Each structure stands twice: as structure tokens, then as C-alpha cells.
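Anchor point for the sequence shown: position 224 equals 223 in numbering that gives the first Met the number 0, and the numbering is continuous, going up by one each time. Beta carbons are placed, not taken as given, at the ideal position from N, Cα and C, and that holds for glycine. Since we're looking at a predicted model, the values are computed, not measured. Reviewing the structure listed below.
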Amino acid sequence: MLLNTYEPWKFAFSAENDEIKENSFGIIGVPFDSTTSYHSGSRLGPIVVREASFGFEKYNTIFNKDLTATFYDFGDVNVVPGNCEKTCKIVEDTVSELLGLNIKPIIIGGEHSASIGAINALYEKYDKLTVIHLDAHRDLAFEFIGEKYSHATVMRRAHEKGVSLVQIGIRSSSKEEEEYVKSTYDIQTFKNRDVHKHMDAIEYYLTNIDGPIYISVDMDVFNPAIAPNVGNPTPGGLFVHDIETILETLCHKNIVGLDVVETASNRLGDATAVVAAKIIYDFLTLIE
Numbered sequence: 000m001l002l003n004t005y006e007p008w009k010f011a012f013s014a015e016n017d018e019i020k021e022n023s024f025g026i027i028g029v030p031f032d033s034t035t036s037y038h039s040g041s042r043l044g045p046i047v048v049r050e051a052s053f054g055f056e057k058y059n060t061i062f063n064k065d066l067t068a069t070f071y072d073f074g075d076v077n078v079v080p081g082n083c084e085k086t087c088k089i090v091e092d093t094v095s096e097l098l099g100l101n102i103k104p105i106i107i108g109g110e111h112s113a114s115i116g117a118i119n120a121l122y123e124k125y126d127k128l129t130v131i132h133l134d135a136h137r138d139l140a141f142e143f144i145g146e147k148y149s150h151a152t153v154m155r156r157a158h159e160k161g162v163s164l165v166q167i168g169i170r171s172s173s174k175e176e177e178e179y180v181k182s183t184y185d186i187q188t189f190k191n192r193d194v195h196k197h198m199d200a201i202e203y204y205l206t207n208i209d210g211p212i213y214i215s216v217d218m219d220v221f222n223p224a225i226a227p228n229v230g231n232p233t234p235g236g237l238f239v240h241d242i243e244t245i246l247e248t249l250c251h252k253n254i255v256g257l258d259v260v261e262t263a264s265n266r267l268g269d270a271t272a273v274v275a276a277k278i279i280y281d282f283l284t285l286i287e
């Protein structure tokens, strides 16, 4: 078990972590939602997503593949409730520890701020890091309600660090965020209507990305009819088959990590948790 973690539950099909295989994946949960501005509850996301994972078969019929990837579930990090910056640092240290074991991170949130710590750790290891950001919102605010570390500023902190962003599913942002995007050259945007009408163009763009890629999935990227229990539900979102297509396109690239965040529910069997677990399940099926 890693430092700063405890184990409330394990994701289905995860291996025992008494002997660690290099070049595998490691799951950590981040049960934190202290900067949530609308619907709270994502601190319970890691528990309900893990529970939902036991509804899937080891054979993935959509992709006609068995889940054969080796991965481990190291439990949840010990967050600092009310202190986003310290919690992000704990996530960063934990991901750095994983990378030191030659294990790539999969993070279950928790609010989207968890991505800050993961991206910071990965940026120290990999040159030319690209973040594929699937979200209803840009999350590019310089600060939000006076805080520089929050769910609404996460991609601004990542971009300031030096990563390139590809934002997919966007359908809500501030004027300041749009102006920020226009002021830079390394933020590519595919809004929700692009996904609905021009998925082939998105697939082509993703196929041509070079270098290491981190995938960050905010569950509010989905249409609320599919995933209603999120921090900030927004109409007009994506559907499960859209994410399947994106993951299938990216699986042949150099994926160095994944997060699935903003599942905000306290109920086992929750529909949003099931969809979140499916993203991780599909990813692990495809990644080999």
C-alpha cells in the first residue's frame, strides 16, 4: 500500500498489490469535494464507482476483448477537507510515488481539482504532455470564489504549467475563459456540437497527437439524462458511445494516466457511478 492511502474498497478485477508489475496501472481515489460550488457529494465518488465496477463482466462485448491488463487499486488518498491546495499536493506526491514504481495513475474523484496534483507529477516526468480534457466546462478560470485551487481552475493551473490542452464536449464557459483560449496557441476545442456532428474530425485530430497523453474525464461531459449526479450538470452533453469512440481512438497512443471525476452520489448502484466505472473498465480493456 502507498503512503497517504487507505483501502475502503477495490475496483473489480484489480490484482493484489503484494507484488507490483511494472508498466501497469494503479488506481487511487480522491474523496474530496471542498470547493464544490453547486451539487456536493463527489467525495463519495470513489466508493460508489468502485462498487459499480462489480456489475461488469471480464469480457467486454463492445470491444470484443477480455480485460487482461494488470492493474492495482491502492485505495484512497488521505485528503485534507477544506484545503484544496494541500490535498492536491498529497495527490501529486502519491502519483509521484506510483510513477517511481513505474505505474501509471488512474484517479477516481472526487472533484476535478484532483487532476492538478496528477498533472503536476506527470509533467515532471514527461516532456510535451497533452491533456485530453472531456468536460462540459473549460475549468480555465484564473481563480474561482477567491481560490486559485478549485474544480473551476484546474485546467488553468495545468496550462500554466506548460501542458497542451484538447478540450472536448465544452458547452459552458465565461467570457474571460474564451478570451484566454483565444490568447494562446495550444488549446484545441471541440464543443458538444462538434462531437455530435463531426466525430470523424475529432478522431483524426486525436490520432495525430504525438507524445504522452493524460485523459481527464469530468462526468458532467455526459448528457444529464445519462449521468445526472454530477457537480455541475449541463444539458446537451455526450453519450456513452461517444466516449467509447474517443477511448478506442486513443488506446493506441502513449496514455500515461486517466482520471474520472465529479461523480456526486451517496447511493450504491447510482447510474452516474455505473457510467463512470464503465469508462475505467473500457479504458483498461482497450489499453493493451
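Reference residue i, options the options, closest by Cα
i      : options                        : result
Tyr280 : Phe53, Glu146, Leu97           : Phe53
Glu84  : Val153, Val47, Ile61           : Val153
Val79  : Ser112, Val255, Phe12, Ser171  : Ser112
Asn22  : Gly230, Val90, Pro104          : Pro104
Arg137 : Asn63, Val165, Ile19, Phe55    : Val165
Thr69  : Phe62, Lys57, Pro223           : Lys57
Ile27  : Val260, Leu267, Phe62          : Val260
Gly210 : Thr262, Asn253, Ala140, Thr93  : Asn253
Gly230 : Asp185, Glu15, Ala272, Thr262  : Thr262
Leu139 : Lys174, Phe55, Glu123, Asn119  : Lys174
Ile208 : Cys250, Leu237, Thr233         : Cys250
Asp217 : Thr206, Val274, Ile186         : Val274
Leu205 : Lys181, Thr244, Leu237, Phe238 : Thr244
Ser215 : Ala117, Thr35, Ser13           : Ala117
Gly168 : Phe282, Ile212, Arg192         : Arg192
Asp72  : Asp32, Lys124, Ile61, Thr93    : Thr93
Lys147 : Glu178, Cys87, Asp185, Leu133  : Cys87
His158 : Ile144, Asp185, Asn228, Lys181 : Asp185
Gly25  : Lys181, Met198, Phe12, Pro234  : Phe12
Val76  : Val48, Gly109, Gly145, Gly99   : Gly109
Arg170 : Tyr122, Glu178, Leu121, Asn222 : Asn222
Glu178 : Val194, Arg155, Glu247, Leu128 : Arg155
Residue i to residue j span [Cα, whole Å]
i      : j      : result
Ile107 : Arg42  : 10 Å
Phe371 : Lys196 : Residue 371 lies beyond the range of the chain shown here (0 to 287); nothing can be said about it.
Ala14  : Glu50  : 16 Å
Asp258 : Ser149 : 16 Å
Lys160 : Asn119 : 8 Å
Glu96  : Val239 : 32 Å
Glu202 : Lys9   : 33 Å
Ala135 : Ser39  : 17 Å
Asn16  : Ser182 : 46 Å
Ala272 : Glu123 : 31 Å
Phe55  : Thr35  : 30 Å
For residue i, the three-state DSSP class (helix, strand or coil)
i      : result
Leu246 : helix
Ile102 : strand
Ala120 : helix
Lys20  : coil
Glu91  : helix
Val136 : For the record, residue 136 in the displayed sequence is His; it is not Val. The answer is strand: DSSP assigns His136 an E or B state.
Ser182 : coil
Ser163 : strand
Gly108 : strand
Thr152 : coil
Val76  : strand
Leu285 : helix
Ser39  : coil
Leu267 : coil
Ser33  : coil
Burial state of residue i (16 or more Cβ within 10 Å)
i      : result
Pro45  : buried
Leu267 : exposed
Ala307 : Shown here, the chain extends from 0 to 287; a query on residue 307 therefore has no answer.
Asn63  : exposed
Lys20  : exposed
Thr67  : exposed
Glu287 : exposed
Asp332 : Here the chain comprises residues numbered 0 to 287, so residue 332 is not present and cannot be evaluated.
Asn265 : exposed
Phe141 : exposed
Ala224 : exposed
Residues that residue i bridges to, as DSSP identifies them
i      : result
Asn59  : Lys64
Lys190 : Ile169
Gly256 : Tyr213
Tyr71  : Ala14, Gly25
Thr262 : Val229
Leu237 : Phe221
Phe143 : Glu146
Val47  : None, per the DSSP bridge assignment.
Ile131 : Val165, Ile214
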